[in-house]
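Worksheet: one structure, shown below.
Protein chains in written order, with the UniProt record's numbering: chain W, 1 to 338; chain B, 1 to 338.
Below you can see the structure in the form of structure tokens.
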């Protein structure tokens, strides 16, 4: 790693008006990313509109693949279909493309990166996939535990925020909660069912095996990132009425014996993790505290009643828009600065 | 069982002003329980107040152990300490006492009953314990699965409603959600942390092993009700911002091979269960639908990715005040009518 400052880069964000795109701008600034020029690309509909950013006032530009090709780093906060259509051409043009969609995550030729865990897998790839939010949040805790104790099985139940469905998801939660409290009709358009004071045990479409795609993403992506191709991972993904931090109850079986103290020691040294585990004082991971934070909170660490001294139960909470999306994408961009 | 109608009973509810006590009155009426006389007992503070009930207007009476002893059936919706002090005396006086607190649940001499599962264990007991809400809701599904396939291990993650903290819990959710939406300060007194748009991974006090008492209740009570003293059961209990239906993501390992279809067939025939499992149509258990219903909804039934053909994942949802409390208590009272 050079000790001199990295040269500033020309950075484009495609999908800049969405919840993730807006966070990407903020995260670049919060992490003092060396930005030479910032291009904010959006749909025709938004083009020409000016937005206030920490980098000054910017004008949104209609997406144009040739224009985007001129940047050094391109952060895609767009649909899988859109990414599939345009990402390869942009990467072929020489830019480093970091795609937040699931389009390329299961492509053996595309690295799927959580920098704290598998930065080494990035190589000199020009197209890098950013993982599913739930997976990214889980693996910053699971990775260090795997390194120290070996993972044999992982069972996850999620408590996922409405931000996973974008800004519209958060808006529907707020508006419809207000309607319910005011005795007005509650409608749902972003979510399949009303979300206020409810939960929905479905995120994304159902697969043939009865799991949703969201649940299978946790299985597939955890295996790829941790480089354990056959790791048994099972997930139940549930949307709950919170705004933007995902929580997960995780049970792991380990290959070596493990104690809660040993796990806490490992996690206390793990990058991207903050141990919040003083239960007697009411200190444990919660959306209330994890929201807006870069680190993933990990707590409720205890010996599994199922797997005994080869198992742990834990609870994690991370900001879905940050570690679950924008932060991880910017961290991948940072890897390219070295 | 006699074919003639059972003779009406004199029924007392102690703690009649609480969320559970009020539901007990409603459930007695909804199930056409043969009530000869209904006594509603409360604190000195509430005594003398009249309340509208489906049995007509009633005057609340200050609790008096001698007065209560005169009833045939006494439903206790009071604290564990209160139950511990008074339940044995009332039972000794000849009434059937059904206690909703945890005071006697772990007493080998006191049956812990979920009528669909272990009615046989009631015998001629005069003091019967009503289980923890989370456990009662889980075991109506787990019991039939155990009978058919044998349970080897059970892992539970809960999504628990604020009604578990009584009427005050539900009121705090509503009031503080309103405050948050109105930009006013959000305070918490019933819950340890603010509950609006948050979750709290703590219900009841922490035990030495790092689990909360609520979590251990699920372990201890599931074992007792299913009569599997050493069954490994692990729970993570989480409070979420919903009103009165608890949901639970459950993973089971079975002794015999099991398929989702076989499990669905067993559960379709199980009393107290309604199978809600047409995921492609968006049909699965949710608080929105389970609220106010007697049956526990069971769905998301699929082969476990951890335990393979010896395991299932499922999702259950039941009304915490009904199957989790008042309904189960009245069902126990019904057993005494035979």
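Glycine residues also receive a C-beta, built at the ideal position from the N, C-alpha and C atoms. This one's a predicted model, so the numbers in the text were calculated from it and none came from an experiment.
Coarse secondary structure for residue i, derived from DSSP in three states
i: residue 1 of chain B; result: For residue 1 of chain B, the pLDDT reaches just 48, beneath the cut-off of 50, and the residue's location in the model is therefore unreliable, although a value from the coordinates is still provided. Coil at residue 1 of chain B, not helix or strand.
i: residue 58 of chain B; result: strand
i: residue 204 of chain W; result: coil
i: residue 48 of chain B; result: coil
i: residue 155 of chain W; result: strand
i: residue 227 of chain B; result: coil
i: residue 321 of chain B; result: coil
i: residue 199 of chain B; result: coil
i: residue 193 of chain B; result: coil
i: residue 90 of chain B; result: helix
i: residue 309 of chain W; result: strand
i: residue 337 of chain B; result: coil
i: residue 166 of chain B; result: helix
i: residue 161 of chain B; result: coil
i: residue 36 of chain B; result: strand
i: residue 137 of chain W; result: helix
i: residue 255 of chain B; result: coil
CB contact below 9 Å: residue i versus chain B
i: residue 177 of chain W; result: yes
i: residue 43 of chain W; result: no
i: residue 282 of chain W; result: yes
i: residue 222 of chain W; result: no
i: residue 135 of chain W; result: no
i: residue 171 of chain W; result: no
i: residue 19 of chain W; result: no
i: residue 229 of chain W; result: no
i: residue 251 of chain W; result: yes
i: residue 233 of chain W; result: yes
i: residue 31 of chain W; result: no
i: residue 49 of chain W; result: no
i: residue 301 of chain W; result: yes
i: residue 219 of chain W; result: yes
i: residue 88 of chain W; result: no
Inter-residue spacing [alpha-carbon to alpha-carbon] between residue i and residue j
i: residue 253 of chain B; j: residue 151 of chain B; result: 6 Å
i: residue 55 of chain B; j: residue 30 of chain B; result: 11 Å
i: residue 61 of chain B; j: residue 37 of chain B; result: 14 Å
i: residue 329 of chain B; j: residue 75 of chain B; result: 7 Å
i: residue 292 of chain W; j: residue 265 of chain W; result: 25 Å
i: residue 319 of chain W; j: residue 248 of chain W; result: 12 Å
i: residue 243 of chain B; j: residue 197 of chain W; result: 7 Å
i: residue 261 of chain W; j: residue 270 of chain W; result: 14 Å
i: residue 84 of chain W; j: residue 203 of chain W; result: 22 Å
i: residue 106 of chain B; j: residue 237 of chain W; result: 34 Å
i: residue 323 of chain B; j: residue 88 of chain W; result: 55 Å
i: residue 240 of chain B; j: residue 205 of chain B; result: 17 Å
i: residue 7 of chain B; j: residue 104 of chain B; result: 29 Å
i: residue 169 of chain B; j: residue 19 of chain B; result: 10 Å
i: residue 57 of chain W; j: residue 294 of chain W; result: 25 Å
i: residue 145 of chain B; j: residue 50 of chain B; result: 45 Å
i: residue 339 of chain B; j: residue 234 of chain B; result: This structure leaves residue 339 of chain B out entirely; chain B is present only between 1 and 338.
i: residue 114 of chain W; j: residue 108 of chain B; result: 52 Å
i: residue 180 of chain B; j: residue 178 of chain W; result: 10 Å
i: residue 199 of chain B; j: residue 188 of chain B; result: 13 Å
C-beta neighbour in chain W for residue i, strict 9 Å
i: residue 275 of chain B; result: no
i: residue 209 of chain B; result: yes
i: residue 181 of chain B; result: yes
i: residue 241 of chain B; result: yes
i: residue 225 of chain B; result: no
i: residue 2 of chain B; result: For residue 2 of chain B, the pLDDT reaches just 49, beneath the cut-off of 50, and the residue's location in the model is therefore unreliable, although a value from the coordinates is still provided. By this cut-off, residue 2 of chain B is not an interface position.
i: residue 106 of chain B; result: no
i: residue 139 of chain B; result: no
i: residue 174 of chain B; result: yes
i: residue 304 of chain B; result: yes
i: residue 238 of chain B; result: yes
i: residue 115 of chain B; result: no
i: residue 247 of chain B; result: yes
i: residue 271 of chain B; result: no
i: residue 279 of chain B; result: yes
Cβ distance (whole Å) where residue i is taken to contact residue j below 8 Å
i: residue 140 of chain B; j: residue 296 of chain B; result: 5 Å
> Along the stretch 186-213 of chain B, what residues have a CB closer than 7 Å to any CB found in chain W?
Replying inline: 192, 193, 194, 197, 198, 199, 200, 201, 202, 206, 209, 210, 211
> When Cβ atoms are compared, which residues of the stretch 286-298 of chain W fall closer than 7 Å to chain B?
Replying inline: 286, 287, 288
>> By the 8 Å beta-carbon criterion, what residues does the stretch 314-332 of chain B contribute toward chain W?
In response: 315
> Listed from N- to C-terminal order along the chain, which residues in the stretch 253-265 of chain B have their beta-carbon within a distance smaller than 8 Å of any beta-carbon of chain W?
Replying inline: 260
> For the stretch 143-162 of chain W, which residues have a CB atom closer than 7 Å to at least one CB atom of chain B, in sequence order?
Replying inline: 153, 155, 157, 159
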